[in-house]
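K.L.:
Residue numbers (this note's numbering): 1 to 558.
Okay, handing you the structure first.
Structure follows, in structure tokens:
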């Protein structure tokens, strides 16, 4: 509560010093130009009410605080994305290298005659399923794949166009997405160099921990327009390798990689008035919502939540889950199909689950929150439907932080300010007033869940305290509060306060230059919480009793 609240109380107190001057406004027509009044005057001045909602409108100039119902709180929200793991189906792909002898003896083959026709059943090793306990690919739908093909010849004089290579995949291992077979025909443009062949829209089946995919390689070579001589040293080499897969979805089993961990820091932009005291927030809350498009049952881990001041990271304080800095929760469902998402609202982190009040137990106010999240596989389910992952497999975490104005015992707010040149203002207001004594009567109905203390000090032009006998401290009693720190209904007892000044004490005010005041509020007692509500109010009724004399020259227009 910044200076607005303090000025509100100080203004009431100082009204006793200036209200007698209102006598100058009396219409004294048809009497002497010199007017003098002696005696006593009792005046019911009026009353004022300040609700906490009104007060916050003045204090929170940055509009940092919000209200939800009766609750007043600081709130911040954001989201983070992190990847489950990267799947590269061609990462460990191996080259298939085959070499075929063309002839066992030296022979000249006539033009336009077949030199060699053969068929070979081979397997291209994709390097899959080498560690099936960590990653197992049973099948995958492929948008496109790049197959590198290299043909070499030794001691055979033929044109590349006279060699035909056919690759036929068994339909139970590789088939087009429409269910048809996948067959590739290839003729090299040159020997001894790799060329890429793109295969689109097909499905591979690597169930049973298969490491690759089989195919039938069919090779046909003809002589062309000229005879060709071949012999035992004449050879044809074939090298095949899948160098890249653009996959749509992969089915199998996938554990998260290190990449499925995220550390997040968040600056706490609390209102500036929280710098002027000790705010031991009793129940900070973190609301976590997890979204996943990964086709597996996942477990979301909060590895830690900690708070610390930027100026000193060593003063970090951790949330605690039954003595541990971490906790986990099963998401409990997975997307029904690729492209779908599941959403889970996790258990709220608060004083009961995470001991979040610990985060603000440090007298050196923290202004940074740091979180570390990770994701693991939930093995507790009995769902045997295929798991899957897509290239955009992502976990999204939406988080919302709420810190209510709900404080633990020991919290306090203290504001110190100066009314500059207050003595000069008082002298001006009391120019024609001689006060023998006066009292201000306050009837305070404190509906805020705090007690208060207002302390005044008079300063001369050198900033030195002026010795005076007037009462410098004024206590404002707290209402009854319940165990949660709320003001109890019908628990507000009006408090009567009399502030008395004699002429000598008033002179001390006149002789001062500045008035320094300190306003402090804290809990009702050492056991009471403070829980503010926007409808909480502070009411003051003001009455004035003055004994003195007012003299005025009615011809003086000053």
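For each residue, glycine too, the CB sits at the ideal point set by N, CA and C.
Since we're looking at a predicted model, the values are computed, not measured.
If you scan the region 401-431 from start to end, which runs of the beta strand (DSSP E) of 3 or more residues do you find wholly inside it?
P.N.:
412-419, all fully within the region 401-431.
K.L.:
Could you tell me whether the Cβ atoms of residue 234 and residue 159 are closer together than 7 Å?
P.N.:
In the chain shown, residue 234 corresponds to position 234, counting from 1. In the chain shown, residue 159 corresponds to position 159, counting from 1. No.
K.L.:
Could you tell me the alpha carbon to alpha carbon distance between residue 181 and residue 87, rounded to whole angstroms?
P.N.:
By 1-based counting over the chain shown, the position of residue 181 is 181. By 1-based counting over the chain shown, the position of residue 87 is 87. Each residue's Cα considered, the two are about 26 Å apart.
K.L.:
Looking only at DSSP bridge pairs, what is residue 442 linked to?
P.N.:
For the purposes of this step, residue 442 is identified with residue 442 of the chain shown, where counting begins at 1. According to DSSP, residue 442 bridges with 497, 542.
K.L.:
Please name the residue, chosen from 354, 122, 515, 305, that lies closest to residue 166 on a Cα-to-Cα basis.
P.N.:
Taking the first residue of the chain shown as position 1, residue 166 is located at position 166. Cα-wise, what sits closest to residue 166 is 122.
K.L.:
Starting from the C-beta of residue 129, find all residues in its chain whose C-beta is less than 7 Å away, skip the five residues before and the five after it, and write them out in chain order.
P.N.:
For this step, residue 129 is matched to residue 129 along the chain shown. Cβ within range, chain order: 136, 137, 206, 209, 210, 211.
K.L.:
What's the C-alpha gap between residue 7 and residue 416?
P.N.:
For this step, residue 7 is matched to residue 7 along the chain shown. For this step, residue 416 is matched to residue 416 along the chain shown. Caution applies to residue 7, whose pLDDT of 49 falls short of 50 and renders its modelled position unreliable; the model cannot decide the point.
K.L.:
So what does DSSP say about residue 307, is it helix, strand or coil?
P.N.:
As a first step, residue 307 is located in the chain shown; it is residue number 307 there, counting from the start. Residue state, collapsed to three classes: strand.
K.L.:
Taking residue 200 as the reference, which of 305, 412, 321, 144 has the closest Cα?
P.N.:
Here residue 200 is taken as the residue at index 200 of the chain shown, counted from 1. The option with the nearest alpha carbon to residue 200 is 144.
K.L.:
Indicate the three-state DSSP secondary structure (helix, strand or coil) for residue 561 in the structure shown.
P.N.:
Residue 561 is absent from the structure shown; the chain starts at 1 and stops at 558.
K.L.:
Of the choices 360, 332, 346, 192, whose alpha-carbon is the least far from that of residue 274?
P.N.:
Translated into the one-based positions of the chain shown, residue 274 becomes position 274. When only C-alpha atoms are compared, the closest one is 360.
K.L.:
Starting from residue 508, trace the alpha helix (DSSP H) in both directions and tell me its first and last residue.
P.N.:
What you label residue 508 is simply residue 508 of the chain shown in a count that begins at 1. Unbroken alpha helix (DSSP H) run through residue 508: 503-511.
K.L.:
Do you know offhand how far residue 64's Cα is from residue 271's?
P.N.:
What you label residue 64 is simply residue 64 of the chain shown in a count that begins at 1. What you label residue 271 is simply residue 271 of the chain shown in a count that begins at 1. Residue 64 and residue 271: Cα-Cα distance of roughly 6 Å.
K.L.:
What residues match up with residue 160 in a beta bridge as DSSP calls it?
P.N.:
Within the chain shown, residue 160 is the residue found at index 160, counting from 1. According to DSSP, residue 160 bridges with nothing at all.
K.L.:
Is the distance from the Cβ of residue 351 to the Cβ of residue 357 below 7 Å?
P.N.:
One-based indexing of the chain shown puts residue 351 at position 351. One-based indexing of the chain shown puts residue 357 at position 357. Their beta carbons are under 7 Å apart, which means residue 351 touches residue 357 by this criterion.
K.L.:
List the residues that DSSP assigns as beta-bridge partners of residue 475.
P.N.:
Taking the first residue of the chain shown as position 1, residue 475 is located at position 475. Residue 475 pairs with 453.
K.L.:
From which residue to which residue does the beta strand (DSSP E) around residue 66 run?
P.N.:
Looking up residue 66 in the chain shown gives position 66. First-last of the beta strand (DSSP E) with residue 66: 65-68.
K.L.:
I need the DSSP call for residue 138, collapsed to helix, strand or coil.
P.N.:
By one-based count along the chain shown, residue 138 stands at place 138. Residue 138 falls in the strand class under three-state DSSP.
K.L.:
For residue 15, which of helix, strand or coil comes out of DSSP?
P.N.:
The sequence position of residue 15 within the chain shown is 15, counting from 1. Because residue 15 sits at a pLDDT of 46, beneath the cut-off of 50, its placement in the model cannot be relied upon, and the following sentence gives the value as read from the coordinates. The answer is helix: DSSP assigns residue 15 an H, G or I state.
K.L.:
DSSP three-state call for residue 437: helix, strand or coil?
P.N.:
One-based indexing of the chain shown puts residue 437 at position 437. DSSP places residue 437 in strand when its eight states are reduced to three.
K.L.:
Taking only three categories from DSSP, how would you classify residue 384?
P.N.:
The residue given as residue 384 occupies position 384 in the chain shown. Coil at residue 384, not helix or strand.
K.L.:
Which residues in the same chain as residue 102 place their Cβ atom closer than 7 Å to its Cβ, once the five residues preceding and following it in sequence are excluded?
P.N.:
For the purposes of this step, residue 102 is taken as residue 102 along the chain shown, with counting starting at 1. Same-chain partners within the cutoff: 115, 116, 156, 230, 234, 235, 236.
K.L.:
For residue 385 and residue 203, what's the separation of their Cα atoms in angstroms?
P.N.:
Residue numbering aside, residue 385 sits at position 385 when the chain shown is read from its first letter. Residue numbering aside, residue 203 sits at position 203 when the chain shown is read from its first letter. Residue 385 and residue 203: Cα-Cα distance of roughly 19 Å.
K.L.:
Would residue 370 and residue 346 be called neighbours here (beta carbons separated by less than 7 Å)?
P.N.:
Within the chain shown, the letter at position 370 stands for residue 370. Within the chain shown, the letter at position 346 stands for residue 346. Contact flag unset, no.
K.L.:
Helix, strand or coil for residue 547, going by three-state DSSP, please let me know.
P.N.:
Mapped onto the chain shown, residue 547 falls at position 547. Of the three classes helix, strand and coil, the one that applies to residue 547 here is strand, per DSSP.
K.L.:
Apart from the five residues on each side of it in sequence, which residues of its chain come closer than 6 Å, Cβ to Cβ, to residue 317?
P.N.:
Taking the chain shown and counting its residues from 1, one reaches residue 317 at position 317. Cβ within range, chain order: 307, 358, 359, 362.
K.L.:
Quick one: residues in its chain with C-beta nearer than 6 Å to the C-beta of residue 250, no 5 flanking neighbours on either side, listed in chain order?
P.N.:
Start at 1 with the first residue of the chain shown, and residue 250 comes out as number 250. Contacts found: 87, 137, 140, 389.
K.L.:
Is residue 89 helix, strand or coil when you go by DSSP?
P.N.:
Counting from 1 along the chain shown, the entry for residue 89 is found at position 89. Note: residue 89 maps to coil in three-state DSSP.
K.L.:
Nearest CA to the CA of residue 436: which residue from 504, 397, 423?
P.N.:
The sequence position of residue 436 within the chain shown is 436, counting from 1. Considering only alpha carbons, the answer is 504.
K.L.:
Using the DSSP secondary-structure output, state which residues sit across from residue 104 in a beta bridge.
P.N.:
Start at 1 with the first residue of the chain shown, and residue 104 comes out as number 104. According to DSSP, residue 104 bridges with nothing at all.
K.L.:
Under a Cβ-count criterion, where at least 16 other Cβ atoms within 10 Å of its own Cβ denotes burial, should residue 313 be classed as buried or exposed?
P.N.:
In the chain shown, counting from the first residue as 1, residue 313 sits at position 313. Exposed is the call here.
K.L.:
So which of 266, 331, 190 has the shortest CA-CA distance to residue 301?
P.N.:
If you number the chain shown from 1, residue 301 lands on position 301. Considering only alpha carbons, the answer is 331.
K.L.:
Rounded to whole angstroms, what's the CA-CA distance from residue 220 to residue 183? Just pull it up for me.
P.N.:
In the chain shown, the residue the question calls residue 220 occupies position 220. In the chain shown, the residue the question calls residue 183 occupies position 183. Their backbone Cα atoms lie some 15 Å apart in a straight line.
K.L.:
Could you give the DSSP three-state label for residue 75: helix, strand or coil?
P.N.:
For this step, residue 75 is matched to residue 75 along the chain shown. In this structure, residue 75 counts as strand in the three-state DSSP scheme.
K.L.:
Hey, out of 52, 483, 541, whose CA is closest to residue 495's CA?
P.N.:
Here residue 495 corresponds to residue number 495 of the chain shown, with the count starting at 1. Answer by Cα proximity: 541.
K.L.:
Quick check: what's the CA-CA separation for residue 287 versus residue 305?
P.N.:
Translated into positions along the chain shown, residue 287 becomes position 287. Translated into positions along the chain shown, residue 305 becomes position 305. C-alpha separation (whole angstroms): 13 Å.
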